[in-house]
Amino acid sequence: MRLRTWHPYWQGLLCKQHLPWILSYLLIASNALGSVNDGVFGSLERLIQLDRNNIHTLKERVRRDSSIITTLSQATKISLQPQFMQSILLYTNPDYMHLININPQRKKCIFYSLLENRMLNYVDGVVNDVIVQYHIADGEKREAIMDIAEFLNIIYKKECSTNRTNQESFADDKIIKTIAKTKFPIPRTAGQCQKNYSDWISNPFIVQLCKVPHTIQSATKGTFDLNNPNNEIKEISKLLSRKINHPQADLYRTKIPFFNLSYLFNLCQNISNPKKFCYNYTKNTIWLDVTEGKYPKYVISHRCREMTRKKRLGAITLKACASTLNRDNTICLKPNKEYPSLLRTSNCSEVSNILEHANLKTDYHDCPGKIDNDGVTNIHRILMHLHSSSYQSSSLTCNSEANYSFFKLNQQFDNINNWPLQICYLDPVTEMKRCLKYFSGNLDQNSPHSESKVVGQVLHNIRGAPNGLSCRIVDKKNYNPNRLEHQNGCTIVYDTKNCSITKCQKMVIYRKHVVKDISYEGSPKFYYFPSSYSNNQFSVDNMMKETQKIRQKKIYNQTMLQRFIDYRKGNIVHGIGCSEDLHPMFFQRKTLNGCRPIPFIIDGYIDNSGDIKIILRTSISDIHNPLLITWNRIFSSLAHYQATHPLKIWSLFGISKASKK
Numbered sequence: 010m011r012l013r014t015w016h017p018y019w020q021g022l023l024c025k026q027h028l029p030w031i032l033s034y035l036l037i038a039s040n041a042l043g044s045v046n047d048g049v050f051g052s053l054e055r056l057i058q059l060d061r062n063n064i065h066t067l068k069e070r071v072r073r074d075s076s077i078i079t080t081l082s083q084a085t086k087i088s089l090q091p092q093f094m095q096s097i098l099l100y101t102n103p104d105y106m107h108l109i110n111i112n113p114q115r116k117k118c119i120f121y122s123l124l125e126n127r128m129l130n131y132v133d134g135v136v137n138d139v140i141v142q143y144h145i146a147d148g149e150k151r152e153a154i155m156d157i158a159e160f161l162n163i164i165y166k167k168e169c170s171t172n173r174t175n176q177e178s179f180a181d182d183k184i185i186k187t188i189a190k191t192k193f194p195i196p197r198t199a200g201q202c203q204k205n206y207s208d209w210i211s212n213p214f215i216v217q218l219c220k221v222p223h224t225i226q227s228a229t230k231g232t233f234d235l236n237n238p239n240n241e242i243k244e245i246s247k248l249l250s251r252k253i254n255h256p257q258a259d260l261y262r263t264k265i266p267f268f269n270l271s272y273l274f275n276l277c278q279n280i281s282n283p284k285k286f287c288y289n290y291t292k293n294t295i296w297l298d299v300t301e302g303k304y305p306k307y308v309i310s311h312r313c314r315e316m317t318r319k320k321r322l323g324a325i326t327l328k329a330c331a332s333t334l335n336r337d338n339t340i341c342l343k344p345n346k347e348y349p350s351l352l353r354t355s356n357c358s359e360v361s362n363i364l365e366h367a368n369l370k371t372d373y374h375d376c377p378g379k380i381d382n383d384g385v386t387n388i389h390r391i392l393m394h395l396h397s398s399s400y401q402s403s404s405l406t407c408n409s410e411a412n413y414s415f416f417k418l419n420q421q422f423d424n425i426n427n428w429p430l431q432i433c434y435l436d437p438v439t440e441m442k443r444c445l446k447y448f449s450g451n452l453d454q455n456s457p458h459s460e461s462k463v464v465g466q467v468l469h470n471i472r473g474a475p476n477g478l479s480c481r482i483v484d485k486k487n488y489n490p491n492r493l494e495h496q497n498g499c500t501i502v503y504d505t506k507n508c509s510i511t512k513c514q515k516m517v518i519y520r521k522h523v524v525k526d527i528s529y530e531g532s533p534k535f536y537y538f539p540s541s542y543s544n545n546q547f548s549v550d551n552m553m554k555e556t557q558k559i560r561q562k563k564i565y566n567q568t569m570l571q572r573f574i575d576y577r578k579g580n581i582v583h584g585i586g587c588s589e590d591l592h593p594m595f596f597q598r599k600t601l602n603g604c605r606p607i608p609f610i611i612d613g614y615i616d617n618s619g620d621i622k623i624i625l626r627t628s629i630s631d632i633h634n635p636l637l638i639t640w641n642r643i644f645s646s647l648a649h650y651q652a653t654h655p656l657k658i659w660s661l662f663g664i665s666k667a668s669k670k
């Protein structure tokens, strides 16, 4: 048995849903195949090879017949050639065959509609031409290859004339309006869902509707050979964001609302599986619970913006995202280049379960990969949680939000004099070097210390620029001096290939000219926990205790951790451990006592019949993709870090808001 040599379609087809149909077909074809003693799989391989040989022989014979053109005009009866029809039955998506079989009164018309929309396959791929047999006046049978449109023109004159009307409603210039008029009900119960499914299966437009996801997937793969149940490309967010060169697919994915597209993907990928169709709308996950108001919207909204590329999300779009996350577990594993972080390792089902037990408030989307110091990310997350703050984050502002949080903490502690980041220039009046404190990034927040405003102030001092000027910050690859917005005012240009947004000598351009007498100095270095008794006062841990009205409690074991998390809603735990213990998949020890310190937050745990798993978010992982980890690994990371720390501190502390008096 050479199963691995088969076309992937057949590998996906061999499931209990479709195997009975294949067995029946093998029995019908047994006369042509001979003995089936070597088993179903050997017979199936020979059936495929036989079909390929028959079709290729048939095509050659038809092409050699020079009398076709004259005799076809005399045809009295025309139909698809039986061997060609058998090949279609073998290679067409079983979901589409199920659609034909479940509508016995419309089976011919559905078949012709699938043919018209290029949704049928045979041994050589998508059916674009048909092999027909026909009778001429004297009753003789002949065979020919015909264009689909020509063949259907003959068929529709005799039967299935409504197919023409249905097809017209889904022409490229009408489909958007037709889809807008179509209702896509979201079921709340299994009974409602079963009725919805039945209504869809009997809908006269079902083929045209399923052509939408079919075309998008086909174009994304670069071929119309979509009918592979083992297809790995199932993530609707990936399909809708990928650049494709197919006008019709591009029309569908850009003009049809995400909710409708998501619904059609779920429906058309599960035509033969109503339970799975309904399961994606009714199974108990946090995604659907958010749409019913049981959890805050931010649990899904930032992920939904990532999926849809939309800034504003309505209730319908959120429901579409929820059903998509229910349907496709792999979406949550997909890397996000706009908000770079460590590779995601929890799928959507796992993330849903984790978030149901998590305390951390995450109404923003940070980007650890764009921030130079891991501690800044962790501090930002803690402060956002304590103040229940939110951001409509973007890839342009996600790093600035974290830098701003850390800057404000230093302001509140009256520690600006020790702030390391400065923009320096030569004062034209005093001819002395002068430096101004700043926090990096695109976030303005009306702060005079934002990078864009500090550079604007420097340009005012040395170039006479308007007071209050605010500069744009752009990556070098996005900078175009010919664009009007880059010709006026000032622009700060940096190159992500050679530097981060803070560790870099950026280029300042004012009125098309490079300003060379401005320099960036300093780097965001600080002590998360004190490394000596002399710097204890200015450690971030101490700054938070002094300014944020919080109480901290040292956590030594799993029991203390669980009790602290359970004591008050909103309690979280932070610390520093070794990456090699927390992320062993990505970090390995190069020396016996090697330790790459990494800050982290623990904001819950899951007790599965005594099997305790801790909810962990390290400062380099995606804020919306927490992971589960055992206490033993956390303990090891803390112990290894303690062994390398100058003060040998145990670095795990619970954080809770101080009680109001």
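Residue numbers (the numbering used here): 10 to 670.
The beta-carbon is built from N, C-alpha and C at its ideal position, and this holds for glycine as well.
Check, Outcome
"DSSP-derived helix/strand/coil call for I658", "coil"
"Check whether P635 and I624 have beta carbons under 8 Å apart", "yes"
"G584 vs F609 beta-carbon contact at 8 Å", "yes"
"Segment contact flag, the stretch 256–264 with the stretch 323–334, C-beta cutoff 8 Å, min 3 pairs", "no"
"Outcome for F595 when other beta-carbon atoms lying within 10 angstroms are tallied against a minimum of 16", "exposed"
"Cα-Cα separation between R251 and Q226, rounded to whole angstroms", "Any reading at R251 must be qualified, since the residue scores a pLDDT of 46, below 50, and its modelled position is unreliable; the value itself is stated next. Going by the C-alpha atoms only, they are around 11 Å apart."
"Beta-carbon proximity list for K525, same chain, < 8 Å, skipping 5 on both sides", "none"
"Distance between beta carbons of L656 and P539, contact taken as under 8 Å", "7 Å"
"N641 burial status per 10 Å Cβ neighbour count (16 or more: buried)", "exposed"
"DSSP three-state assignment for S250, whether helix, strand or coil", "Any reading at S250 must be qualified, since the residue scores a pLDDT of 44, below 50, and its modelled position is unreliable; no value is offered."
"Rounded Cβ spacing between S628 and P377 (contact assumed at less than 8 Å)", "6 Å"
"Cβ neighbour criterion (16 or more within 10 Å) applied to K220", "buried"
"Coarse secondary structure for D685, derived from DSSP in three states", "Lying outside 10 to 670, the shown extent of the chain, residue 685 is not represented and no answer is given."
"Classification of Y576 by the beta-carbon crowding that lies within 10 angstroms, buried from 16 upward", "exposed"
"DSSP state of H16 mapped onto helix, strand, coil", "In this prediction, H16 has a pLDDT of 40, which is less than 50 and means its spatial position is unreliable; what the coordinates show is noted afterwards. Three-state result, H16: coil."
"The ligand HEM heavy atom lying under 7 Å from the CB of M594", "Looking at this structure, you won't find the ligand HEM or any other ligand, since it has none at all."
"C-alpha distance - A180 paired with L59, whole-angstrom precision", "38 Å"
"Own chain partners of K558 with C-beta closer than 8 Å, once the 5 adjacent residues on each side are dropped", "K666, A667"
"T505 versus N491, K346, F268, V71, residue with shortest Cα-Cα distance", "K346"
"Selected residue, minimal CA-CA separation from T85, among L270, Q142, Q571, K204", "Q142"
"Buried versus exposed, by CB contacts within 10 Å (16 or more), L661", "buried"
"Where the beta strand (DSSP E) containing L570 begins and where it ends", "Run containing L570: none in the beta strand (DSSP E); it sits in the alpha helix (DSSP H), 567–576."
"Distance CB(Y413)-CB(L430) smaller than 8 Å", "no"
"Rounded C-alpha distance that separates L405 from S449", "12 Å"
"Per-residue burial, L235 [other beta carbons within 10 Å of its own, 16 or more giving buried]", "In this prediction, L235 scores a pLDDT of 35, lower than 50, which makes its location untrustworthy; the coordinate-derived value is nonetheless stated afterwards. Buried: at least 16 other Cβ atoms inside 10 Å."
"Contact under 8 Å by Cβ, S461 with C480", "yes"
"Run of the beta strand (DSSP E) containing D156, from where it starts to where it stops", "150–156"
"Cβ contact (3+ pairs, closer than 8 Å) linking the stretch 276–294 and the stretch 306–319", "no"
"Cut-off 6 Å between Cβ atoms - residues of its own chain near S122, not counting five sequence neighbours on either side", "N172, V216"
"Spatial neighbours of E589 in its chain, beta-carbon cut-off 6 Å, leaving aside the 5 residues before and after", "F596, R598"
"C-beta atoms of Y165 and M128 nearer than 8 Å", "no"
"Closest Cα partner of W659 within the set L637, Y537, L601, D631", "Y537"
"V582 and I607 closer than 8 Å at C-beta", "no"
"Euclidean distance between Cα positions of A367 and V360", "10 Å"
"Given 8 Å, three or more beta-carbon pairs between the stretch 194–207 and the stretch 111–120", "no"
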